[in-house]
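In order, the protein sequence lines correspond to chains A and B. For the first sequence, the numbering used here begins at 5 and goes up steadily by one. For the second sequence, the numbering used here begins at 3 and goes up steadily by one. Idealized CB from N, CA, C, for every residue including glycine.
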Amino acid sequence: DAKTTQPPSMDCAEGRAANLPCNHSTISGNEYVYWYRQIHSQGPQYIIHGLKNNETNEMASLIITEDRKSSTLILPHATLRDTAVYYCIVRPLLGAANAGKSTFGDGTTLTVKP
Amino acid sequence: GAVVSQHPSWVICKSGTSVKIECRSLDFQATTMFWYRQFPKQSLMLMATSNEGSKATYEQGVEKDKFLINHASLTLSTLTVTSAHPEDSSFYICSARVPQGTNTEAFFGQGTRLTVV
Chain A
5 DAKTTQPPSM DCAEGRAANL PCNHSTISGN EYVYWYRQIH SQGPQYIIHG
55 LKNNETNEMA SLIITEDRKS STLILPHATL RDTAVYYCIV RPLLGAANAG
105 KSTFGDGTTL TVKP
Chain B
3 GAVVSQHPSW VICKSGTSVK IECRSLDFQA TTMFWYRQFP KQSLMLMATS
53 NEGSKATYEQ GVEKDKFLIN HASLTLSTLT VTSAHPEDSS FYICSARVPQ
103 GTNTEAFFGQ GTRLTVV
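Right under this line is the structure:
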């Protein structure tokens with residue numbers, strides 16, 4: 005899996021948008037960008053994923069740069085319950101021998117403050 | 003979405019004993035499951051890939067004789083920590099691969115906190 009780099013921590017005011025960046029400059033053409041989050045003492049929770057187009061779901065939006073070397077996860081209206089460690093992962097497609105296998109970096113600890 | 007369940011959520015065992023952790027896919031069949039370990043304030047580290055009906059593939063540095071993995075059915079993988087020691091105390095998490103559409107998704111269990119005393 006390509007290596008990803010994220011800032012170790014970020015703060016965000018409750019109700020504001022949280023923008024979490026991720027660099028994945030060595031991503032290859034057959035790899036998707038995935039975002040997960042882990043609330044303390046729980047398993048990782050899937051948030052969103054994308055290949056090259058921007059994606060949006062009920063939880064978040066994912067913006068991927070045109071060269072695919074970086075992406076930003078956007079939580080549009082952060083709440084206190086969004087406080088967690090957010091992981092950006094790049095992973096190969098279905099059919100690859102290690103598809104589904106995730107290599108976790110250190111992630112970004114997002115703290116949403118009242 | 004797909005659900006992956008682990009049991010138990012937490013366990014305390016005596017040093018030298020063995021502990022079995024179960025990982026179940028509740029509403030889908032998973033030919034491949036992954037086992038991770040997470041020490042306090044650290045990220046998840048992949049231990050092994052569990053394949054239904056065949057031997058698990060272990061990551062470098064993970065002792066296969068200590069961490070026994072069995073994936074006997076399409077909905078169940080087990081991790082047995084044999085002769086547990088305090089340094090094995092950790093948060094163990096499994097994930098299961100869901101083949102759907104044009105990409106595979108991996109959903110994670112809620113984790114099992116093992117404390118060896």
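Cβ neighbour criterion (16 or more within 10 Å) applied to residue i
{"i": "B/Pro42", "result": "exposed"}
{"i": "A/Arg20", "result": "exposed"}
{"i": "A/Ala88", "result": "buried"}
{"i": "B/Trp37", "result": "buried"}
{"i": "B/Ser14", "result": "Residue identity differs from the one stated: residue 14 of chain B is Ile in this sequence, not Ser. Exposed, because fewer than 16 other Cβ atoms sit within 10 Å of the Cβ of B/Ile14."}
{"i": "B/Thr104", "result": "Confidence in B/Thr104 is poor, its pLDDT being 44 and thus under 50, which makes the residue's placement unreliable; the coordinate value appears in the next sentence. When all chains shown are included, B/Thr104 counts as exposed."}
{"i": "A/Glu35", "result": "buried"}
{"i": "A/Thr60", "result": "exposed"}
{"i": "A/Ser45", "result": "exposed"}
{"i": "B/Pro10", "result": "exposed"}
{"i": "A/Leu84", "result": "exposed"}
{"i": "B/His87", "result": "exposed"}
{"i": "A/His28", "result": "buried"}
{"i": "B/Gly113", "result": "buried"}
{"i": "A/Ser13", "result": "exposed"}
{"i": "A/His81", "result": "exposed"}
{"i": "B/Ser20", "result": "exposed"}
{"i": "A/Asp71", "result": "exposed"}
is_contact[residue i, chain A] using C-beta, thresh 8 angstroms
{"i": "B/Leu46", "result": "yes"}
{"i": "B/Gln31", "result": "no"}
{"i": "B/Ile14", "result": "no"}
{"i": "B/Phe36", "result": "yes"}
{"i": "B/Phe110", "result": "yes"}
{"i": "B/Ile23", "result": "no"}
Nearest neighbour of residue i, chosen from the options [CA to CA]
{"i": "A/Cys16", "options": "A/Val37, A/Gly111 and A/Leu79", "result": "A/Leu79"}
{"i": "A/Val94", "options": "A/Thr83, A/Leu66 and A/Ser106", "result": "A/Ser106"}
{"i": "B/Val97", "options": "B/Pro88, B/Ser85, B/Ala86 and B/Phe110", "result": "At residue 97 of chain B the sequence reads Ser, which differs from the Val that was named. If we check each option's Cα against that of B/Ser97, B/Phe110 comes out closest."}
{"i": "A/Pro48", "options": "A/Gly111, A/Thr112 and A/Tyr40", "result": "A/Tyr40"}
{"i": "B/Asp29", "options": "B/Val6, B/Gly18, B/Ala50 and B/Leu46", "result": "B/Val6"}
{"i": "A/Cys26", "options": "A/Gly33, A/Val116, A/Thr115 and A/Phe108", "result": "A/Phe108"}
{"i": "A/Thr8", "options": "A/Tyr38, A/Ala22, A/Asn23 and A/Leu114", "result": "A/Tyr38"}
{"i": "B/Lys57", "options": "B/Ser75, B/Met47 and B/Ser45", "result": "B/Ser75"}
{"i": "B/Ser85", "options": "B/Thr77, B/Thr117 and B/Met49", "result": "B/Thr117"}
{"i": "A/Tyr111", "options": "A/Lys117, A/Pro96 and A/Leu77", "result": "At residue 111 of chain A the sequence reads Gly, which differs from the Tyr that was named. Among A/Lys117, A/Pro96 and A/Leu77, the Cα nearest to that of A/Gly111 is on A/Leu77."}
{"i": "B/Cys25", "options": "B/His73, B/Val64 and B/Val100", "result": "B/His73"}
{"i": "A/Lys56", "options": "A/Tyr50, A/Gln10, A/Glu62 and A/Gly33", "result": "A/Gly33"}
Residue i and residue j closer than 8 angstroms at C-beta
{"i": "A/Lys73", "j": "A/Ile43", "result": "no"}
{"i": "B/Ser92", "j": "B/Gln8", "result": "no"}
{"i": "B/Tyr94", "j": "B/Leu81", "result": "yes"}
{"i": "B/Lys16", "j": "B/Val119", "result": "yes"}
{"i": "A/Cys92", "j": "A/Ser75", "result": "yes"}
{"i": "B/Lys66", "j": "B/Val83", "result": "no"}
is_contact[residue i, chain B] using C-beta, thresh 8 angstroms
{"i": "A/Ser106", "result": "yes"}
{"i": "A/Gly33", "result": "no"}
{"i": "A/Tyr90", "result": "no"}
{"i": "A/Pro25", "result": "no"}
{"i": "A/Gln10", "result": "no"}
{"i": "A/Gly19", "result": "no"}
{"i": "A/Asp110", "result": "yes"}
The ligand SAM heavy atom lying under 7 angstroms from the CB of residue i
{"i": "B/Ile95", "result": "This structure does not include the ligand SAM; it has no bound ligands of any sort."}
For this session: List in chain order: all unbroken beta strand (DSSP E) runs of 3+ residues lying wholly within the segment 53-92 of chain A.
Result: 65-68 and 74-79
Exercise. Could you give the uninterrupted runs of the beta strand (DSSP E) lying entirely in the segment 18-42 of chain A, keeping only those of 3 residues or more?
Worked result: DSSP assignment within the segment 18-42 of chain A yields the following whole beta strand (DSSP E) runs of 3 residues or more, N-terminal first: 22-27 and 35-42.
Exercise. Considering only residues of the segment 12-55 of chain B, which uninterrupted beta strand (DSSP E) runs meet the minimum length of 3 residues and lie entirely inside it, listed in chain order?
Worked result: 12-15, 21-27, 34-40 and 47-53
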